[in-house]
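Numbering (this note's numbering), first residue to last: 257 to 428.
For every residue, glycine included, the Cβ atom is placed at its ideal position computed from N, Cα and C.
Every value quoted in this text rests on a predicted model; they were computed, and no experiment measured them.
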């Protein structure tokens, strides 16, 4: 129910970010995985201002991939992109003018998502029983819903994940 309301809210969010959308047969971020049955991959690239509207704009832009994804995968992607963009806006120690970038690539067997900001990085830590109830869920959800994920820092912070298509994969 919560995911459905989150999805509905995303579809009514105002404004569109700087957006590029492409469908091609080129190599995707996962390097060598098989593309969709038609040989095409769909890609979405966003650059968002790091403000309170960023997560809503990202969700609205994700609607362009709706026809390519199964309902459960689409809902998981919406939730995880929302969490990661929100984390970028709230926690990146970057200057306010540095954008948050979102990259999505859809292929036949998975969806690759990466969110990058100007922050200097962090070490992921597991959620504990002492964690506040109203925060700290973003990476916990990423770990639970994605088949693979990671964090890299090289002047910027990049959190990436893969969602298995055709049903949720057990985390590695």
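Same chain, Cβ closer than 6 Å to residue i, neighbours up to 5 away in sequence not counted
| i | result |
| --- | --- |
| residue 412 | 372 and 374 |
| residue 415 | 340, 371 and 407 |
| residue 345 | 306 and 310 |
| residue 324 | 298 and 362 |
Beta-carbon proximity of residue i to residue j, cut-off 7 Å
| i | j | result |
| --- | --- | --- |
| residue 366 | residue 421 | yes |
| residue 404 | residue 418 | yes |
| residue 229 | residue 358 | Residue 229 lies beyond the range of the chain shown here (257 to 428); nothing can be said about it. |
| residue 369 | residue 360 | yes |
| residue 334 | residue 318 | yes |
Residue i classed as buried or exposed, judged by whether at least 16 other C-beta atoms fall within 10 angstroms
| i | result |
| --- | --- |
| residue 394 | buried |
| residue 299 | buried |
| residue 281 | Residue placement at residue 281 cannot be trusted, given a pLDDT of 37 that sits under 50; the coordinates are not used to answer. |
| residue 257 | Note that residue 257 scores a pLDDT of 42, beneath 50, so its modelled location is shaky; the value from the coordinates is reported in the next line. Classification for residue 257: exposed. |
| residue 332 | buried |
| residue 353 | exposed |
Beta-carbon contacts of residue i that lie in its chain and below 7 Å, excluding the five residues immediately before and after
| i | result |
| --- | --- |
| residue 329 | 367, 419 and 421 |
Quiz prompt | Whole runs of the beta strand (DSSP E) within the segment 342 to 377, excluding any shorter than 3 residues | solution = 356 to 362 and 366 to 373
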